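One structure is given below, encoded as structure tokens.
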Amino acid sequence: MLTINTAYKDIVILPIHENMNGGKSHDFFQWASQHAWVPPLYSGSWITAPTGFSYANISSPPPVLAVHDPVRARRDHALGERRPWVRPDFVVKADDDSFLMLAELEARLRVELHTPSHRQEITFEDSTSSFIARQEPDVLSTNNTDVPIPVLDASTSSDSHTLSESSGVSHKTLISSPPGPEPTDDNTDPLIYWGYLVKNRFMAGELYALSWSLVNWVANDPHVKTMTRGAEDKQTSKWMRMHPRADDIRWVSERCWIYDHPRAGTVYSHGFLFPSEVKRVQRDVLFDLKQYWAREHERNVPEPQALGVVSSTPFGPYGTSPTWWSRSTVSSFGQRYSLPIPASELTTAQSVEALVEGSEVSKLIKVPGAIDPSWQYREGRQKRYQGKRLGGTIVVHYIKKNMWFLETAVAFLEGEEVTEAERSHLEHEAALATAKVAVALGTNGNLLREHAHDQAVPVVQRGHTPQDLWSWQRDV
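If you read the sequence shown in my numbering, its first letter stands for residue 2, the second for the next number, and so on.
Rendered as structure tokens:
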């Protein structure tokens with residue numbers, strides 16, 4: 002560990018005894034409130050940067066730099082222009098059995114920092130002090146489908162867990178306390194409590210984040226210092242509720258992209274998840290919803306009466322989701338994962354691909370002779386991320402073995418951007434498109450058509466890239 006810390010300078014060992022539920026989370030936040038610094042935002046690195054925060058002008062001389070610190074910071078250090086470091090916008094607490102996709106995490110938190118706070122209609126349960134929250138107002142407005150999505154009313158249900166799960170259109174739920182007075186101009190720091198919300202009561206301990214003002218308050222409030230012992234993740238939620246501006250704290254839950262390793266066998270466990278599979282699931286659910294509303298329309302009865310006639314509906318506080326909406330090509334609920342065939346029949350890469358939700362290998366692994374074809378037609382990273390750089394898994398939790406960690410690293414950090422099969426398909430499509438364009442441009446008909454056909458076939462056979470094909474098309 003000392004060798005690693007010498008190279009990367011990013012490990013801090015707090016001067017406390019290791020403990021479970023004995024206050025080490027509070028000790029960490031207390032340390033962060035004094036010693037947490039990050040490189041400044043260099044000009045040109047962001048289009049906009051938040052302004053007006055109370056900690057914006059707090060700075061410190063930069064520490065000894067590590068190899069992974071920003072290039073601009075190391076260049077300034079070499080030139081003797083050592084720009085001071087600043088306070089972080091968030092401090093994150095994570096378990097050591099969590100695999101973090103740091104770029105995904107930073108992107109989500111950066112968006113939250115720029116997101117204006119929306120007042121939500123909330124219902125409290127007096128006996129448990131838990132919450133019910135409506136969806137963020139602009140979530141439904143961005144839905145481009147023609148499926149009527151009913152607005153769920155918190156006042157019609159006392160079951161907060163059922164309501165928040167049944168809304169299901171967005172992966173993100175905003176939760177806050179009942180509306181209070183608007184923040185004053187001199188105290189506009191974001192108050193954000195971000196993570197995976199468990200039973201509408203606290204953020205799960207595999208990873209949660211507090212915005213800087215909350216960290217500073219937690220570290221210095223004398224009452225909080227008397228509430229450091231006990232189940233630590235639950236204690237953190239209690240601190241949030243006793244904050245002097247608890248009404249303004251945004252509880253933000255990322256439900257879709259935080260889960261346990263597929264081999265963990267817990268209720269939070271499923272296969273490695275990518276945006277392409279989420280898109281397929283959403284497509285299937287929306288298709289079912291369209292079918293549902295089409296049947297209701299055919300009944301020619303008012304909607305309230307129609308909902309009373311239908312045997313089961315996915316909407317409302319007592320809605321029941323169809324069983325086929327719960328699906329996984331990797332995991333069986335409540336059962337620990339095991340390869341359905343001998344491991345010797347798979348390569349390491351194929352065994353990892355079998356852990357990916359929706360992959361052909363995971364679906365066809367039991368079919369004799371299907372491994373190699375299904376591996377050949379796997380998705381590349383570009384397709385899995387829908388042509389974007391980010392937008393997928395943030396945390397894989399409950400990694401209890403070194404092999405599980407390596408599997409997760411291979412699944413999310415390795416792999417081709419475009420597979421050979423995808424590249425061949427793109428080349429074939431480009432060649433056909435080029436041939437069609439050439440034929441359409443021809444005035445002499447047969448001569449140009451024959452030329453296009455004669456050229457398209459060898460171009461594909463030579464394995465030229467799509468860029469070469471488009472150059473050839475331009476020449477034609």
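From the three backbone atoms N, C-alpha and C, an ideal C-beta is built for every residue, glycine too. Since this is a predicted model, take the numbers as computed values, not measurements.
Alpha carbon to alpha carbon, how far is residue j from residue i? Give it in angstroms, no decimals.
i	j	result
Asn-217	His-429	58 Å
Phe-203	Ala-210	12 Å
Ala-412	Asp-90	30 Å
Trp-326	Glu-418	30 Å
Val-253	Ser-345	44 Å
Val-368	Arg-379	16 Å
Ile-342	Lys-364	13 Å
Ile-395	Val-93	13 Å
Leu-391	Pro-223	40 Å
Ala-74	Ala-57	19 Å
Ile-14	Ala-33	12 Å
Met-228	Leu-356	41 Å
Asp-248	Gly-370	59 Å
Asn-20	Pro-117	38 Å
Leu-347	Glu-415	18 Å
Gly-393	Gln-283	15 Å
Lys-226	Ile-250	20 Å
Lys-200	Leu-42	37 Å
Asp-98	Lys-239	24 Å
Asn-188	Leu-208	27 Å
Thr-420	Gln-236	47 Å
Thr-349	Arg-385	20 Å
Ala-439	Lys-402	57 Å
Glu-82	Leu-407	40 Å
Ser-26	Leu-427	51 Å
Pro-374	Ile-366	11 Å
Asp-289	Lys-389	27 Å
Gln-336	Tyr-293	32 Å
Gly-317	Leu-340	39 Å
Thr-480	Val-112	Examination of residue 480 is not possible in this model, given that the chain is present from 2 through 477 alone.
Considering only residues of the same chain and omitting the five flanking positions on each side of residue i, which have a CB-CB separation below 8 Å?
i	result
Thr-409	Phe-100, His-262, Phe-273, Val-397, Ile-400
Gln-387	Pro-276, Ser-277, Lys-280
Gln-351	Val-362, Ile-372, Trp-376
Gly-206	Lys-94, Asp-96, Glu-233, Asp-234
Phe-334	Val-268, Ser-327
Asp-70	Pro-40
Using 8 Å for Cβ pairs, my map puts residue i next to residue j. What's the rounded Cβ distance?
i	j	result
Ser-212	Pro-191	5 Å
Ala-295	Phe-30	Their Cβ separation, rounded to whole angstroms, is 53 Å, which puts Ala-295 and Phe-30 out of contact at 8 Å.
Glu-194	Leu-215	Looking at the sequence itself, residue 194 is Tyr, so the reference to Glu does not match. Confirmed, about 7 Å.
Tyr-1	Gly-266	Because the chain here runs from 2 to 477, residue 1 falls outside it and cannot be looked at.
Gly-24	Arg-242	Not a contact, Cβ separation roughly 19 Å.
Ala-8	Val-72	Wrong, their Cβ atoms sit about 17 Å apart, outside the cutoff.
Ile-17	Asp-28	5 Å
Below 7 Å CB to CB, which residues in the same chain sit around residue i once its five sequence neighbours on both sides are set aside?
i	result
Trp-405	His-262, Arg-264
His-1	Since the first residue shown for the chain is 2 and the last is 477, residue 1 is missing from the structure and cannot be characterised.
Phe-54	Asp-190
Glu-354	Ser-360, Val-362, Trp-376, Arg-379
Thr-383	For clarity, residue 383 is Gln in the given sequence; the question names Thr instead. Result list for Gln-383: Glu-418, Val-419, in chain order.
Arg-109	Glu-255, Ile-395
Asn-22	Arg-230, Gly-231, Ala-232, Glu-233
Asp-285	none
By Cβ distance, which residues of its chain are closer than 6 Å to residue i, with the 5 residues on each side in sequence left out?
i	result
Ser-159	Confidence at Ser-159 is low in this model, with a pLDDT of 35, below 50, so the placement of that residue should be treated as unreliable; the coordinate-derived value is given next. Cβ within range, chain order: n/a, list empty.
Glu-423	Gly-381
Ser-60	Pro-85, Val-87
Lys-10	Ala-67
Thr-146	For Thr-146, the pLDDT reaches just 39, beneath the cut-off of 50, and the residue's location in the model is therefore unreliable, although a value from the coordinates is still provided. Taken in chain order, the residues that qualify are Leu-287.
Trp-258	Thr-394, Ile-395
Ser-312	Because the pLDDT of Ser-312 is 48, which lies under 50, any placement of that residue in the model is unreliable, and the number read from its coordinates should be weighed accordingly. Once the five neighbours on either side are set aside, Ser-312 has no close Cβ partner at all.
State yes or no: is the beta carbon of residue i nearer than 8 Å to at least one beta carbon in chain B?
i	result
Gly-231	Chain labels in this structure do not include chain B; a single protein chain is all it has.
*Indicate whether the contact test is met: 3 or more Cβ pairs, each with one atom in the segment 98 to 107 and one in the segment 66 to 81, closer than 8 Å.*
With the cut-off at 8 Å, the segment 98 to 107 and the segment 66 to 81 do not touch.
*Check whether the segment 58 to 76 touches the segment 31 to 41, counting contact only when three or more Cβ pairs, one atom from each stretch, lie closer than 8 Å.*
yes
*Tell me the start and end of each unbroken alpha helix (DSSP H) in the segment 313 to 397 that is at least 4 residues and wholly inside, in chain order.*
349 to 354, 361 to 365, 372 to 377, 382 to 385
*Segments assigned beta strand (DSSP E), at least 3 residues, entirely inside the segment 56 to 122*: List check, beta strand (DSSP E) in window: 91 to 95.
_Whole alpha helix (DSSP H) elements within the segment 223 to 306, 4-residue minimum_ = 233 to 242, 276 to 299
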